[in-house]
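These protein sequences, in sequence, are chains A and B.
Counted the way this note's numbering counts, the first sequence spans residues 411 to 495.
Counted the way this note's numbering counts, the second sequence spans residues 3 to 286.
Here's the structure, in structure tokens; my notes come after.
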Amino acid sequence: MMQPITLSALIMLGHTSLKIFDLVYTMTGKGSGFVTDVPGIFMFETTFQGNHYAQGATISMVMLIMVSLVIIPYLIFSLRQEVEL
Amino acid sequence: MTRRFNPARIGIYTLLVFFAIIFMVPVYVMLVSSLKTFAEVQDQSRLWAPPMSLNLESFVAAWSGIPEKGLRGLAQNMLNSVNLTIPATIISSLLGSLNGYVLSKWKFRGANTIFYLMLFGMFIPYQSILIPLTQTLSAIGLGGTLAGLVLVHVVYGIPITTLIFRNYYTAVPTDLVEAARMDGAGILGVYWRVLFPISLPGFVVVIIWQFTQIWNEFLFAVCILQKPELQPITAALRNLSGSQIKEWNMVMAGTLIAAIPTLLIYIITGRYFIRGLLAGSVKG
Numbered sequence: 411m412m413q414p415i416t417l418s419a420l421i422m423l424g425h426t427s428l429k430i431f432d433l434v435y436t437m438t439g440k441g442s443g444f445v446t447d448v449p450g451i452f453m454f455e456t457t458f459q460g461n462h463y464a465q466g467a468t469i470s471m472v473m474l475i476m477v478s479l480v481i482i483p484y485l486i487f488s489l490r491q492e493v494e495l
Numbered sequence: 003m004t005r006r007f008n009p010a011r012i013g014i015y016t017l018l019v020f021f022a023i024i025f026m027v028p029v030y031v032m033l034v035s036s037l038k039t040f041a042e043v044q045d046q047s048r049l050w051a052p053p054m055s056l057n058l059e060s061f062v063a064a065w066s067g068i069p070e071k072g073l074r075g076l077a078q079n080m081l082n083s084v085n086l087t088i089p090a091t092i093i094s095s096l097l098g099s100l101n102g103y104v105l106s107k108w109k110f111r112g113a114n115t116i117f118y119l120m121l122f123g124m125f126i127p128y129q130s131i132l133i134p135l136t137q138t139l140s141a142i143g144l145g146g147t148l149a150g151l152v153l154v155h156v157v158y159g160i161p162i163t164t165l166i167f168r169n170y171y172t173a174v175p176t177d178l179v180e181a182a183r184m185d186g187a188g189i190l191g192v193y194w195r196v197l198f199p200i201s202l203p204g205f206v207v208v209i210i211w212q213f214t215q216i217w218n219e220f221l222f223a224v225c226i227l228q229k230p231e232l233q234p235i236t237a238a239l240r241n242l243s244g245s246q247i248k249e250w251n252m253v254m255a256g257t258l259i260a261a262i263p264t265l266l267i268y269i270i271t272g273r274y275f276i277r278g279l280l281a282g283s284v285k286g
């Protein structure tokens, strides 16, 4: 009974932590020696503070692909399950 | 009642209380720090100690700023947050409710596929749409304005509001819709006369959710609004802590001020929240 809800919770938390930005950015930034650098901050600083728009766009695309790898199978799985119901 | 004090239950409660305390520790530090004076808050050894005297200066300073030190208060930013959150919440809830209604009660070919495509909008990392987003906003003349930020939050609120309302309306018997159609109501008539009046629990959930999300949102706010006097309170809080000497008592006071509206809305409508969540998700 716990299996479907655990999967949903894992997916939710997984994609949230993959794209976390605000807490890390306000508390430590990328940190000394990049210890708290996350993709979200990397993209933001490259694009809006370094003005390297092309590089920033590339980072954001990599983030999108990483999230899609988890999310798209999950959505297709949910869609199929709903059709069966 | 006889099993009330068995060891397993005591163990569970001990564990729960332990984690509840861990969860509340940052709130405690925030509260005691905000009540200290600047001299006291700098003494790191007294971080955990309660304040020596109750001192509300930090709240005044966080609210109205210290002009001679070049610090802006949060008063204007609080107003910006209200002006941003309330319209965005209302518009995205209404749109989500209409979407959820059509996707659950007027199912057309491919409605499910469209719904899941919309859900993808909930999961995409917002960084991946930031550059086109800022360019689009400046192209339509909304760049750097609060109205532009409202538009962004409405658009990115639609997936989650649609999801909640679709699940909520799926639980409503289709007979109700069919009866209204027999009586000659059109697609909007059914919505307005039948489903809208019974959607209050759904609206409570969506409004709490959207209000909290939009109020706490940070990335869009700092990317779209650069002028400090236009920024919502989350972005302004960062400026408050961004100066050279961090006045932690003031930062903590500002954080508390920023947290009050979401706390209030949760306390006032919280009991409907749980009820609405159950109404939307549990079938039968």
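Every residue, glycine too, gets a C-beta built ideally from N, C-alpha and C.
Residues near residue i by beta carbon distance below 8 Å, same chain, minus five either side
i                 : result
Val434 of chain A : Thr446, Val448, Gly450, Ile451
Leu221 of chain B : Tyr128, Gln129, Leu132
Gly191 of chain B : Ala182
Alpha carbon of residue i to alpha carbon of residue j, nearest angstrom
i                 : j                 : result
Ala55 of chain B  : Leu37 of chain B  : Strictly speaking, residue 55 of chain B in this sequence is Ser, with Ala absent from that position. Each residue's Cα considered, the two are about 8 Å apart.
Trp50 of chain B  : Val27 of chain B  : 10 Å
Lys485 of chain A : Ile93 of chain B  : Before going further, note that residue 485 of chain A is Leu rather than Lys in the sequence given. Looking at the two C-alpha atoms, the distance is approximately 26 Å.
Gly443 of chain A : Val31 of chain B  : 28 Å
Ser283 of chain B : Val174 of chain B : Residue confidence for Ser283 of chain B is low, a pLDDT of 48 falling below 50, so the modelled location carries little weight; the figure read from the coordinates is stated next. Each residue's alpha carbon lies about 11 Å from the other.
Ile88 of chain B  : Val224 of chain B : 19 Å
Met453 of chain A : Asp185 of chain B : 56 Å
Leu428 of chain A : Ser478 of chain A : 11 Å
Gln44 of chain B  : Ser60 of chain B  : 14 Å
Ser418 of chain A : Ile210 of chain B : 21 Å
Phe21 of chain B  : His462 of chain A : 43 Å
Thr115 of chain B : Lys107 of chain B : 15 Å
Leu33 of chain B  : Thr39 of chain B  : 13 Å
Tyr158 of chain B : Phe122 of chain B : 11 Å
Ala464 of chain A : Ser470 of chain A : 10 Å
Chain-order list of residues whose beta-carbon lies under 7 Å from that of residue i (same chain, five-residue window excluded)
i                 : result
Ala10 of chain B  : none
Val480 of chain A : Ile421, Gly424, His425
Ile430 of chain A : Val448, Gly450
Glu42 of chain B  : Arg48, Pro53, Met54
Leu151 of chain B : Leu86, Phe222, Ala223, Ile226, Leu227
Gln78 of chain B  : Glu231
CB contact below 7 Å: residue i versus chain D
i                : result
Ser36 of chain B : Here chain D cannot be found, since the structure's protein chains are A and B.
Identity of the residues DSSP links to residue i by a beta bridge
i                 : result
Arg111 of chain B : The partner list for Arg111 of chain B (beta bridge, DSSP) is empty, contrary to what the question assumes.
Gly67 of chain B  : B:Arg74
Contacting residues, own chain, Cβ-Cβ under 6 Å from residue i (five flanking each side not counted)
i                 : result
Leu258 of chain B : Ser36
Tyr193 of chain B : Tyr103
Give a yes or no on contact between the segment 93–106 of chain B and the segment 150–164 of chain B, applying the rule of three or more CB pairs nearer than 8 Å. yes
Hey, is the segment 228–237 of chain B in contact with the segment 10–29 of chain B, meaning 3+ C-beta pairs nearer than 8 Å? no
Going along the segment 459–482 of chain A in order, which residues come within less than 7 Å of chain B, judged by CB to CB distance? Tyr463, Gly466, Ala467, Ser470, Met471, Met473, Leu474, Val477, Ile481
Residues from the segment 99–129 of chain B in contact with chain A, defined by Cβ distance under 8 Å: Asn114, Thr115, Tyr118, Leu121, Phe122, Phe125, Ile126, Pro127, Tyr128, Gln129
Where the segment 202–229 of chain B meets chain A: residues whose CB sits under 7 Å from a CB there: Phe220, Leu221, Cys225
Report yes or no: do three or more beta-carbon pairs, one from the segment 68–76 of chain B and one from the segment 190–210 of chain B, lie closer than 8 Å? no
Within 9 Å of chain A by C-beta, residues of the segment 8–25 of chain B in sequence order: none
Give, in chain order, every residue of the segment 446–459 of chain A whose Cβ lies closer than 8 Å to some Cβ of chain B. Pro449, Gly450, Met453, Phe454, Thr457, Phe458
Contacting positions in the segment 416–439 of chain A - beta carbon closer than 8 Å to chain B: His425, Leu428, Lys429, Phe431, Asp432, Tyr435, Thr436
Give the residues from the segment 68–80 of chain B that approach chain A closer than 8 Å (Cβ to any Cβ), ordered along the chain. none
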